[in-house]
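> For reference, the structure I am asking about is given below.
Protein chains: 2
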Amino acid sequence: MTAATTQSTLGHDTPQVTARAKVTGKAQYAGDLKVAGMLHGKVLRSPHAHARIVSVDVSEALALPGVRAVLTGADAPRARWGVSHKERRILAEDVVRFCGEEVAAVAAVTEEIARDALDLIRIAYEELPAVLLPEEALDDEAPIIHDGRQNNIAHEIRFERGSVAEGFAQADLVHEATYTTHAQYPGYLEPMGTLAMVDPEGRLVVWTSTQSAFLARARLAAALERPVSSVRVIQATTGGGFGGKIVEDANQLVAGLLALKTGKPVRLVNNRLEDFLACPTSLPERITLKLGMTRDGLIVAKDVHIVADCGAYAGLTSEVMHVSAMRSDNMHRLNNVRSHATLVYTHAPPHGAFRGFGGTQMLFALNSHIHMMAEQLGLDPAEVHKRNAIGAGEVSVHGWKVASTGLVECIDQATAALHWHEKRPAQPDGPVRRGRGMAAAMHVSGNRTIGNWDGSTVVVKINEDGRVMIHSGESDMGQGAATMLTQIVAHELDLPLSHVSVMLPDTDVAPFAIGSFASRVTIVAGNAAIVAARKAKARLLDLAAILLEVPVDQLAVGNAAIHVREAPDRQLAFADIARQHIWRHGGEAIQVSATWDAKTVMHDDKVYGNVAPAYSFAAQAVEVEVDTETGRVTVVDNFVSDDCGKALNPMAIHGQTNGATVQAIGWALYEQLQLEAGRIVNGNFADYTMPTADAVPMLRGGFVESNDPNGPYGAKGASETAILPGAPAIANAVYDAIGVRITDLPITPEKILAALRRRKEAAHA
Amino acid sequence: MTAATTQSTLGHDTPQVTARAKVTGKAQYAGDLKVAGMLHGKVLRSPHAHARIVSVDVSEALALPGVRAVLTGADAPRARWGVSHKERRILAEDVVRFCGEEVAAVAAVTEEIARDALDLIRIAYEELPAVLLPEEALDDEAPIIHDGRQNNIAHEIRFERGSVAEGFAQADLVHEATYTTHAQYPGYLEPMGTLAMVDPEGRLVVWTSTQSAFLARARLAAALERPVSSVRVIQATTGGGFGGKIVEDANQLVAGLLALKTGKPVRLVNNRLEDFLACPTSLPERITLKLGMTRDGLIVAKDVHIVADCGAYAGLTSEVMHVSAMRSDNMHRLNNVRSHATLVYTHAPPHGAFRGFGGTQMLFALNSHIHMMAEQLGLDPAEVHKRNAIGAGEVSVHGWKVASTGLVECIDQATAALHWHEKRPAQPDGPVRRGRGMAAAMHVSGNRTIGNWDGSTVVVKINEDGRVMIHSGESDMGQGAATMLTQIVAHELDLPLSHVSVMLPDTDVAPFAIGSFASRVTIVAGNAAIVAARKAKARLLDLAAILLEVPVDQLAVGNAAIHVREAPDRQLAFADIARQHIWRHGGEAIQVSATWDAKTVMHDDKVYGNVAPAYSFAAQAVEVEVDTETGRVTVVDNFVSDDCGKALNPMAIHGQTNGATVQAIGWALYEQLQLEAGRIVNGNFADYTMPTADAVPMLRGGFVESNDPNGPYGAKGASETAILPGAPAIANAVYDAIGVRITDLPITPEKILAALRRRKEAAHA
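Chains as they are written, first to last, in the numbering used here: chain A, 850 to 1614; chain B, 850 to 1614.
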């Protein structure tokens, strides 16, 4: 007889452990939270892109029955907040710099009263000239948006590796083009929301929708001028982040300020329009790319100029632009690269972090470019990528140590799925043309970027019933962190998932963590979870060896128990061991902690250095139909192949790649923020057209398991890479279908028709 | 120049860290908690001491608008709960065993509706013969209260050490008397209360007024037939416990059941009458004590018989009676002791743990006895205690290792304060007579009693601002545990108290702990806190040594910073070190855990063994006035001297000794539960007369610092010992004043007058 063991879920489709609470409506998002005496917050936003606040009169608003506080810039702390540039007040004073900027905040007994009170706040503005385009902002005559920022330059990156001039001299083909990318709204189902209150000890307690409870705490403390220890942030169930819920939005800060000023709990939840106005959208970049290639398709030189528009406040955009300027260089074997990137303030609503984090922008340009050059050289663009692809064990031009890569396999898998090498798409009769395109991408799994730590600490507790609780400060915003941690700890301890639970991050409870971005959680927290679980298991085994009077190496774990390998009937349930671990001389409950930190470096001042413990890769192939009469582009087939290292939960990764594909389709074809004089005029899901089911083909995808030596069981991050190749694959397919190269996203029917018209006119000229 | 250091508060009067929230009304007791959708619970209690439930009809109650659930025994889990005897259902079914037993529970949208619904529950009872006195219950003909408990005996203790027969043979004086003690209601300001809800994952979350969150969790899990891990208990601010809030009351269980059945948050807060009916009151014991003494006052034999009335359910009373049967033996150098104690079920409301935990009962008898014998031998009772007092380093008759004792010093201090040896009280003119009495006592600090562990784990976190958070599962129910932990950690890290905070126990967060009873928290959690704080300090020092490039032994801590001893300007703030502890290769936040377990043993089956890491002692002297016309006794002066080892917070210990003195006065003179046919008829503060300010003298007290080698900085527990000598000191003073020995508490005017009358009649006879 052998004792039964629990089937590990690792590598098997595993529903999210958070799913039941979500689908039954029981999960508590910030907007679901209600506490006694709670007030409702509302924010008054600037109607102007640039204006001076001449006078403020809140008396009428304050007089409205039910209103408990009306705060303006004068009531807000003097501290300025921001990521690298501390430049933004919680509520604007004197000057507003974008249309949507927080100017006043109300707390009232109902949301309706709070909303009505906004209408009673009298603010006189003197409109000032607004600069809405980065090219204008760079003009010497342009108004300065932030004091001391000459030419409105927020940040500038310049580097050259190898010799670009020598590289181009070796090239058989040099191609240069300019690409423009636009801002995408993250479109999470749950708008930003916060419930803030002051606890009996005077500490500020904040439940919030966030990708990082600890970064939220640090920002709240700094912006509200309080010690970090006087702030407690608890992550509410979070309905998506996509980069928008890191640290760039004022929602938490306004809610915290209202709670501190009123002494009451205040809930502040954006409605969709407010969220459009307040949320950072992805960074629009104008990318001028020049590549040199040999006739064999080897890239010998790259020169890129980027001008990016951060909007009124820089937020995380310096880091985003940094990624655009250099990350994709590491995908290929390059020697000669040069980047010059300039981040420019405008009076547009602030841009910021977004799934892909600057990779999408540059990979749109690069993949478009490679397609064009391959065509000129008579090469298959897929082959060009493969010929240039960096190999496992190699060090990239920027010093990245690529321990594993499935790039070539991803390209093969994606192209094969669309029969890339077998046949051309059959062209139907009529005005519709079919075409195929592909693109390749790379991303980081973790990134030693915000400081010299890219680690995570996981605490594993074993309760007296032998069940396990995990404390981690890493956020599950829907991407599956809690499920991943549960799977790993359950696997290591050979327990069913139901015996393991993960507490939502609470900064008073969880070990310090950075949060969910840079596709870091699986690799850093996953590795920490393995170590912590093994430590906990060792505690169980050590005591079981004493109790069973057998050496540890003769024991085995299974079925929530430890048994003697050769005599499985001699066993002790985890519950028994856990209890006896306490109830003995010198005992204590089993509660262990483990930290895993990536063996990476921060890049040096020449942006050189191995910043991530692993790098993930992806490739995508799509087939589109272009209606040459209407200009409409439809993605009719697709396959995205994701090198996730090891698919710990295939179902979850399919969810990620499917979502990424749809979000990429939205960015490439449909979604477009419409601004008039700097004002978002389509801030709702009727007018901001995210892809609906009929705009999306059957979503297909697969994995390549490159088994990264640094990843937990070989796994790498699988949240972001798959969004990267979508837009250029579509642009390439459009080109393949109709011979028209669209370089400015999104690829709208108007642009298709205009390009077709231009080509026709040129042909007739 | 030397760097400033923070003044340690250890040994100095320190306001409770919880005081501000409490006095400003911000502290959240269970009854203050409100959450959205919360229902209010109410409990229907048996009107009979013993009855069969013939029929139950809840239809009318359920039909009342606003009622969400009406539960009876049939709806409650089959599990039976209790401490050593599992014998009680959450809601009674078939049989009720005391007047006040929980029979049905209602949840409704308002408390008023819930109360009204109780009136609509139709329960038909068949009254059964009730046994209300233990002597009756022991009768062979008495009805059996619990199946299988022959003669209604719940527990029996018998032991003999040495030879009592030989001891009495050596005695010059043998004295025997019987003493009766009565039940005291703990009289905390906050009645029991719980808010229970089911979280989105289906776990039961309970905020409750408790002395032990983890024991509460274990009991909830067992009684509600759920895994421990599916229950989360969070201690609400707790307004006193005095033993009543350990694990003997059904409030939490009923609230939990209502929450599980309704799926809604349910708050169940006792009003005062309900609390009188539901709360365990102290254990009434009938003690027949026989002592043998030499003419020098040395005690050579002790024989005691105890009959204790546990009421309808045994709860913790076996352990309480155990203490009565043997603890006070360890105060003196005894060789020949014998105890026979019998715990008997009756149909009275259940009795249980109470401050002093059985010590008060026996020490009333013992101190009364010694006073009488000393008088007969012409000795000073204070001198008799001192001659018999166990010394430091000695092992008592039951194997207790008394590492420190200040008993003699306590006796000297208390008697000196009342000029014991200098003068007799002046007798005023008129009917009032003055008298003085003293008594001595001992108690445990910790107790290896509920299992083979008497430890505590403390977690110390240092946040990025250099401030500290402590996690402990030990409860602060007002006695000052949080302040003690704060003081210790602040002292070890040389921080102001404001930089240290303690989280209320939360079983999902705090390390496993047993809770607050047996005066254990200062010694076990205090020691753990020292170790944890020193570990955290070592982390700071180790990193500071690297950063300052100086060996650790050249560094010093002070002013929330670490400086080079010989160059104090070279320093790093804790905040800087804490941040750099994270932000470096292999870094992590400072979060350390330490466990301290007492080096004690569980007593063997002959109740022998050193059960506590330290033992505390106390003595009290009082002066009373007895009005011989009205029988009224007034305590006019008192001094209680407490051997607390080391007074970590003199203000807090004075608070404890003052409170203990008043509670002892109440028990001795004023408080008396009135029962009619087993029904408490004075369950309110108008009729149950706790001492008011005019019944209490100027409260005087002092410490003896015996500096226990096992205590943190020498400290021992200081919550319970001071209650022990109060009642016998008063009884002795009454005897001293009027020559009347009252052996049955409380010492009411009626008893005084009756005794005076008897004496007068005897004198005239």
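Backbone N, C-alpha and C fix where the C-beta goes; we use that ideal spot for every residue, glycine too.
May I have a chain-ordered list of the alpha helix (DSSP H) segments no shorter than 4 residues that lie completely inside the segment 1163-1218 of chain A?
1166-1175
> Is it true that the CB of L1117 (chain A) sits closer than 8 Å to the CB of L1107 (chain A)?
yes
> With a CB to CB cut of under 7 Å and the five nearest residues on each side skipped, what residues in its chain are close to D1618 (chain A)?
For residue 1618 (chain A) there is no data in the structure shown, the boundaries of chain A being 850 and 1614.
> Does any residue of chain A bring its CB to less than 8 Å from the CB of H1171 (chain B)?
no
> Where do the ends of the alpha helix (DSSP H) carrying T1510 (chain B) lie?
P1499 to I1514
> Looking at C-alpha atoms only, which residue of B:G1480, B:A1580 and B:F1552 is the closest neighbour of L1602 (chain B)?
B:G1480
> Please identify, using Cβ separations under 9 Å, the residues of the segment 1249-1281 of chain A that lie next to chain B, in order along the chain.
So nothing in the stretch comes that close.
> Could you please give the first and the last residue of the uninterrupted beta strand (DSSP E) stretch that includes F1488 (chain A)?
Here the beta strand (DSSP E) through F1488 (chain A) covers V1482 to D1492.
> In the DSSP output, what is W1445 (chain A) paired with across the bridge?
A:S1305
> Residues of chain A with CB under 8 Å from N1001 (chain B), in chain order?
Ordered by position in chain A, no residue passes the 8 Å Cβ test against N1001 (chain B), which lies about 31 Å from the chain.
> Just reading off the beta strand (DSSP E) that C1159 (chain B) is part of, what are its end residues?
I1148 to G1160
> Between T1137 (chain B) and chain A, is the shortest Cβ-Cβ distance under 8 Å, so that the two count as touching?
no
> Are the CB atoms of L1022 (chain B) and L828 (chain B) within a distance shorter than 8 Å?
Past the boundaries of the shown model lies residue 828 (chain B); chain B is included only from 850 to 1614, so the question cannot be answered.
> When you compare the CB of P864 (chain B) with every CB in chain A, is at least one pair closer than 8 Å?
For P864 (chain B), the answer is no, since every Cβ of chain A falls outside 8 Å of its Cβ.
> Pull up the CB-CB distance for R946 (chain B) and H1200 (chain B), whole angstroms please, since I reckon it's below 8 Å.
That pair is no contact at about 13 Å.
> Which residues of chain A have a Cβ atom closer than 7 Å to the Cβ of W1302 (chain B), listed in chain order?
I1431, W1432, R1433 and G1436
> DSSP three-state call for F1534 (chain B): helix, strand or coil?
Three-state result, F1534 (chain B): coil.
> Note down the Cα distance separating A1393 (chain A) from D906 (chain B), rounded to an integer number of angstroms.
52 Å
> Using CA coordinates, which residue listed in A:L1396, A:M1291 and A:N1498 is at the minimum distance from S1465 (chain A)?
A:M1291
> Would you say T851 (chain A) faces chain B, with C-beta separation under 8 Å as the test?
Here the model assigns T851 (chain A) a pLDDT of 42, short of 50, so the residue's position is not dependable, and the following value carries that caveat. T851 (chain A) does not count as touching chain B.
> Could you give the C-beta distance for A1578 (chain A) and A1288 (chain A), rounded to a whole number, given that I count them as a contact under 8 Å?
4 Å
> For Y1457 (chain B), which of helix, strand or coil comes out of DSSP?
In the three-state reduction of the DSSP assignment, Y1457 (chain B) falls in the coil class, being assigned neither a helical nor a strand state.
> Give me the chain A residues within the contact set of V1054 (chain B), using Cβ-Cβ distance strictly less than 7 Å, ordered along the chain.
None at all; the shortest Cβ gap to chain A is about 12 Å.
> Quick one: what's A1026 (chain B) bridged to in DSSP?
B:L1138
> Can you tell me the Cβ-Cβ gap for T1332 (chain A) and Q865 (chain A), rounded? I've got them flagged as a contact below 8 Å.
5 Å
> Name the DSSP beta bridge partners of L920 (chain B), please?
B:A954
> Please confirm if K883 (chain B) has its CB atom under 8 Å from at least one CB of chain A.
Answer yes: the Cβ-Cβ gap between K883 (chain B) and chain A drops below 8 Å somewhere.
> Under a CB-based cut-off of 8 Å, is A1331 (chain A) close to chain B?
no
> Any Cβ of chain A within less than 8 Å of the Cβ of E1616 (chain B)?
The structure shown has nothing for residue 1616 (chain B), since chain B only spans 850 to 1614.
> Inspect the CB distances between the segment 1580-1590 of chain A and the segment 1521-1534 of chain A and report whether three or more fall short of 8 Å.
no
> So, is the C-beta of M1287 (chain A) closer than 8 Å to a C-beta in chain B?
no
> Can you confirm whether M1326 (chain A), when its beta carbon is compared against all beta carbons of chain B, has any partner nearer than 8 Å?
no
> Please compile the residues from chain A whose C-beta is within a distance smaller than 8 Å of the C-beta of R1116 (chain B).
The contacting residues do not exist; R1116 (chain B) stays about 11 Å from chain A at best.
> I'd like the ranges of any beta strand (DSSP E) spanning at least 3 consecutive residues and lying wholly in the segment 1315-1375 of chain B.
Fully enclosed beta strand (DSSP E) runs of 3 or longer: 1317-1321 and 1349-1352.
> Should N1459 (chain A) be flagged as near chain B, meaning a C-beta pair shorter than 8 Å?
no
> Under 7 Å Cβ-Cβ, which residues of chain B neighbour S1442 (chain A)?
The answer, in chain order, is Q1440.
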